[in-house]
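Student: Take this structure, written in structure tokens, and hold onto it; I'll ask about it next.
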Amino acid sequence: MAAAMSVSAVVPPAAAVARARTLLCVPATARAPREMAAEVAAAAALGADLAELRLDRLAGFAPRRDLPALLAKPRTLPALVTYRPKWEGGEYEGDDEPRFEALQLAMELGAEYVDIELKVADKFIKFMSGKKPENCKLIVSSHNYDNTPSAEELASLLAQIQATGADIVKIATTATEIVDVSRMFQILVHCQEKQVPIIGLVMNDRGFISRVLCPKFGGYLTFGSLEKGKESAPSQPTAADLINVYNIRQIGPDTKVFGIIGNPVGHSKSPILHNEAFRSVGLNAVYVPFLVDDLAKFLSTYSSPDFAGFSCTIPHKEAAVRCCDEVDPIARDIGAVNTIIRKPDGKLVGYNTDYVGAISAIEDGIRATQQTHSTVSPLAGRLFVVIGAGGAGKALAYGAKEKGARVVIANRTFARAQELGNLIGGPALTLTELENYHPEEGMILANTTAIGMHPNVNETPLSKQALKSYAVVFDAVYTPKETRLLREAAECGATVVSGLEMFIRQAMGQFEHFTGMPAPDSLMRDIVLRKT
12 MAAAMSVSAV
22 VPPAAAVARA
32 RTLLCVPATA
42 RAPREMAAEV
52 AAAAALGADL
62 AELRLDRLAG
72 FAPRRDLPAL
82 LAKPRTLPAL
92 VTYRPKWEGG
102 EYEGDDEPRF
112 EALQLAMELG
122 AEYVDIELKV
132 ADKFIKFMSG
142 KKPENCKLIV
152 SSHNYDNTPS
162 AEELASLLAQ
172 IQATGADIVK
182 IATTATEIVD
192 VSRMFQILVH
202 CQEKQVPIIG
212 LVMNDRGFIS
222 RVLCPKFGGY
232 LTFGSLEKGK
242 ESAPSQPTAA
252 DLINVYNIRQ
262 IGPDTKVFGI
272 IGNPVGHSKS
282 PILHNEAFRS
292 VGLNAVYVPF
302 LVDDLAKFLS
312 TYSSPDFAGF
322 SCTIPHKEAA
332 VRCCDEVDPI
342 ARDIGAVNTI
352 IRKPDGKLVG
362 YNTDYVGAIS
372 AIEDGIRATQ
382 QTHSTVSPLA
392 GRLFVVIGAG
402 GAGKALAYGA
412 KEKGARVVIA
422 NRTFARAQEL
432 GNLIGGPALT
442 LTELENYHPE
452 EGMILANTTA
462 IGMHPNVNET
472 PLSKQALKSY
482 AVVFDAVYTP
492 KETRLLREAA
502 ECGATVVSGL
512 EMFIRQAMGQ
522 FEHFTGMPAP
532 DSLMRDIVLR
542 KT
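Written out as structure tokens, the structure is:
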């Protein structure tokens, strides 16, 4: 199998191989058999295809007492029985033989799947001595909690598992960076072409996309927890999110992939917003969170045209300008890109929808509460203080200057503030200096940093005392909806503009770049207000 790093060539043609639908498996992780049975029933109600019974999670598990109850027919879902030892990431600490006996009993009681670890697979198969029922599939699994091996090592591991006589191969690795997942996608495609059933997943936040996109690459199943807190592996999504947010039932080989590139990215509401918007217009696409450390490496690794477009957030907006083959003139002037489109020829084109989204939100906020001249921007002539000199700060500074505002840049690092101040022709301050900066009344403040973002909700970039000099305060942070900065500004009598407005408007611009269609305005607004 080729060891190439890029996923440019691993997306198979839609009709290349006849393929079954990727199954959704919900792990049952309760401590008591009755509760575990209730979890299986709840998984069935959610729409899962099968349930994994994690016997190692049961307290005081007695196989001959508990298994007949857990596997009694009729069952609401097919069962995958796992009795994971501690040395493979589970909780069972005893000898192999009692564990093997429990797994064999599960087979005799009609379990549809049984999982055994590669390390003891030969031993277990010998123990069974040919007694495996025909209707039970044996999953031979390997879990690597440290990293994701090279493509060659993964291919070798695959061959080892196949050599045991496994009905289904399972390989779970750990991502140290998001590009590691591309090697798992290669393995999935290779197995699909050879018609080898495989479960191939990559654990932790940087591996999250493997859990959502495995139907695109032909994975046999993916796992989704019953609810948050009941995960059986690091960064496992909930089954409800896989079905309702990521629309996993509709993902196939020709599904286009979009997503938000950032670090952090877990807080983002963009997947909820864009996936529902895609669904509303019948687009065969999915939008996922990409937790990215190195933008250039990410873009060169996921270089298939199927990875069709990206939203770009902190801290990658400025690097995105350098990574694109073409950059829209306004985005180039701003020095930040928040939207990347991959053309059919593979070229990357960068745009910036932040500045229009934020500036129009601030203008409309002022017009709604203060008397303004109808033909002139309400920002014209006003002193406009931007906190932050990153990508969003550049967009706000550029947009405010275009509207005739007098822009001041404040930043924790003075050199960064000065650099942006020089670019837009305005003074620069440190955040400490900003505390005592009030040359006039009625100023506008725009925070573009992550200060005050969940989970650090008690932080604020400026004291309440200093806020008394501002007539309008905007905060780009939208989780939480009301930040401490906005709450205290409102208490001081300022007009406040939520980052949600900027988020909605920039997302509409992105949707239009992604799809070439008008954004479903009222739907997108309703989604954001409903889900945040």
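Numbering (the numbering used here), first residue to last: 12 to 543.
Even for Gly, the Cβ is constructed at its ideal location relative to N, Cα and C.
Check for me: the alpha helix (DSSP H) holding V131 runs from which residue to which?
Tutor: Unbroken alpha helix (DSSP H) run through V131: 129-139.
Student: DSSP puts A331 in a beta bridge; with which residues?
Tutor: According to DSSP, A331 bridges with nothing at all.
Student: Would you check if there are 3 or more beta carbon pairs closer than 8 Å linking the stretch 363-374 to the stretch 335-351?
Tutor: Cβ pair count under 8 Å is three or more, so yes.
Student: Does DSSP classify H524 as helix, strand or coil?
Tutor: Looking at H524 - three-state DSSP - the assignment turns out to be helix.
Student: Report yes if the C-beta of Q476 is less than 6 Å from at least one heavy atom of the ligand MG; otherwise report no.
Tutor: For the structure depicted, the ligand MG is absent and the ligand set is empty, with no information on it obtainable.
Student: Can you find the residues in the same chain that come closer than 7 Å, C-beta to C-beta, to K143, ignoring five residues on each side of it along the sequence?
Tutor: So the list reads M118, L149, once near-sequence residues are dropped.
Student: A14: buried (16+ other C-beta within 10 angstroms of its C-beta) or exposed?
Tutor: The pLDDT assigned to A14 is 41, lower than 50, so where the model puts this residue is not dependable, and the model offers no usable value.
Student: Please work out which residues of its chain come closer than 8 Å, Cβ to Cβ, to A330, disregarding the five sequence neighbours upstream and downstream, and give them in chain order.
Tutor: Counting only Cβ-Cβ distances below 8 Å, and skipping sequence neighbours, we find L306, A307.
Student: Please classify V468: does DSSP put it in a helix, a strand, or coil?
Tutor: Correct three-state label for V468: coil.
Student: Please tell me whether S193 has its Cβ less than 7 Å away from any Cβ of chain B.
Tutor: Included in the structure is just one protein chain, with no chain B present.
Student: Under the assumption that Y481 contacts S509 (Cβ atoms under 8 Å), give the Cβ distance between them as a whole number of angstroms.
Tutor: At roughly 15 Å, the Cβ-Cβ gap does not stay under 8 Å, so Y481 and S509 are not in contact.
Student: Note down the Cα distance separating D532 from G410, rounded to an integer number of angstroms.
Tutor: Spanning the two alpha carbons is a distance of roughly 22 Å.
Student: According to DSSP, is H154 part of a helix, a strand, or is it coil?
Tutor: In the structure shown, H154 sits in a strand (DSSP, three-state: E or B).
Student: Tell whether a beta-carbon distance below 7 Å holds between F442 and R417.
Tutor: Note on identity: in this sequence residue 442 is Leu, with Phe being the wrong assignment. In this structure, R417 does not lie closer than 7 Å to L442 by Cβ.
Student: When you compare the CB positions of C335 and L359, do they come within less than 7 Å of one another, or not?
Tutor: Against a cut-off of 7 Å, the Cβ pair of L359 and C335 comes out as a contact.
Student: Taking buried to mean at least 16 other C-beta atoms within 10 Å of its own C-beta, is V387 buried or exposed?
Tutor: V387 is exposed by the Cβ-count criterion.
Student: Using the DSSP secondary-structure output, state which residues sit across from N422 in a beta bridge.
Tutor: Partner(s): T441.
Student: Tell me whether S322 sits in a helix, a strand or coil according to DSSP, three-state version.
Tutor: Residue state, collapsed to three classes: strand.
Student: Enumerate in chain order the residues of its own chain whose CB-to-CB distance from G520 is below 6 Å, with the five nearest sequence positions on each side excluded.
Tutor: Cβ neighbours of G520 beyond the five flanking positions: T364.
Student: By alpha-carbon positions, which one of R260, S474, F321 ends up nearest to Q517?
Tutor: Measuring from the Cα of Q517, the nearest candidate turns out to be F321.
Student: Throw me the rounded Cβ distance for the I398 and A457 pair, which I believe falls under 8 Å.
Tutor: Contact flag correct, Cβ pair sits at about 7 Å.
Student: Identify which residue in S152, L496, M464, T159 has its Cα closest to the Cα of K475.
Tutor: Residue L496 is the option with its Cα nearest to K475.
Student: Buried or exposed: P24, going by 16 or more other Cβ atoms within 10 Å of its Cβ?
Tutor: With a pLDDT of only 47 at P24, under the threshold of 50, the placement of this residue in the model should not be trusted; the figure read from the coordinates follows. So P24 ends up on the exposed side.
Student: Please classify N274: does DSSP put it in a helix, a strand, or coil?
Tutor: Looking at N274 - three-state DSSP - the assignment turns out to be coil, as it is neither helix nor strand.
Student: Name the residue from A421, E493, A296, P450 whose alpha carbon lies nearest to the alpha carbon of L473.
Tutor: That would be A421, whose Cα lies nearest to the Cα of L473.
Student: Applying the criterion that 16 or more other CB atoms from any shown protein chain within 10 Å of the CB defines a buried residue, is E99 buried or exposed?
Tutor: Under this definition E99 is a buried residue.
Student: Mark S243 as exposed unless 16 or more other C-beta atoms lie within 10 angstroms of its C-beta, in which case mark it buried.
Tutor: S243 should be labelled buried.
Student: Can you list the alpha helix (DSSP H) stretches of 4 or more residues lying completely in the stretch 54-142, in chain order?
Tutor: Runs of the alpha helix (DSSP H) inside the stretch 54-142: 74-81, 107-119, 129-139.
Student: Please identify the residue among F269, T249, A461 whose C-alpha is closest to the C-alpha of A403.
Tutor: Among F269, T249, A461, the Cα nearest to that of A403 belongs to A461.
Student: What distance in whole Å lies between the Cβ atoms of A186 and L35, which are believed to be in contact at a cut-off of 8 Å?
Tutor: L35 to A186, Cβ: 21 Å. No contact.
Student: Which full runs of the beta strand (DSSP E) of 3+ residues lie inside the stretch 208-241, going along the chain?
Tutor: Here the runs fully enclosed are 209-214, 232-234.
Student: Distance, Cα to Cα, A26 vs Q203?
Tutor: Because A26 carries a pLDDT of 44, less than 50, the predicted location of this residue cannot be relied on, and no value is offered for it.
Student: Using CA atoms only, rank isn't needed, just tell me which of F525, V507, K84 is closest to P355.
Tutor: Closest option to P355, Cα to Cα, is F525.
Student: Between the Cα of R343 and those of D126, A406, G270, spot the shortest distance and give me the residue it belongs to.
Tutor: Considering only alpha carbons, the answer is A406.
Student: Within 10 angstroms of its Cβ, does S167 collect 16 or more other Cβ (buried), or is it exposed?
Tutor: S167 comes out exposed.
Student: Could you check which residue in G218, I210, Q247 has the C-alpha nearest to that of G229?
Tutor: For G229, the nearest C-alpha among the options comes from I210.
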